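In the numbering used here, the protein residues as written are 28 to 160. Beta carbons: idealized from backbone N, C-alpha and C, even for Gly. Note that this is a predicted model, so its numbers are computed, not measured.
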């Protein structure tokens, strides 16, 4: 499988994710979101629901340790890398258990005909993740 380097990280295109990988490599301009809206999505059971698997700094109540902590994730990854993790983490880490929030490509019988998060909502989540430094 060919590998392509973009801004210091490796994209591993899936057969079903080639269009998304091409859009990233073509330098698609991404929407900028707001951190406040992003954190609402990340903690919403009907939105991103990131707290179902990850702990967030400053989060109160029960936290999950199923996935890695999101502490300092904004310092470890660029906005483009964060966007890829949220949109379809399988392009970075093919064996991930993280669901693709920005696409239904390569999923089996999605309940909804659209992605979990919209393009704009992913922009908000990325803005929130960038504040975690």
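Here residue 89 is actually not in contact with residue 113; their C-beta atoms are around 23 Å apart, not less than 8 Å. From the listed residues 84, 108 and 105, the smallest Cα separation to residue 97 is found for 84. The DSSP-derived three-state label of residue 99 is coil. For the 8 Å CB-CB criterion, residue 145 and residue 130 do not form a contact. In this chain, the alpha helix (DSSP H) harbouring residue 152 covers 146-157.
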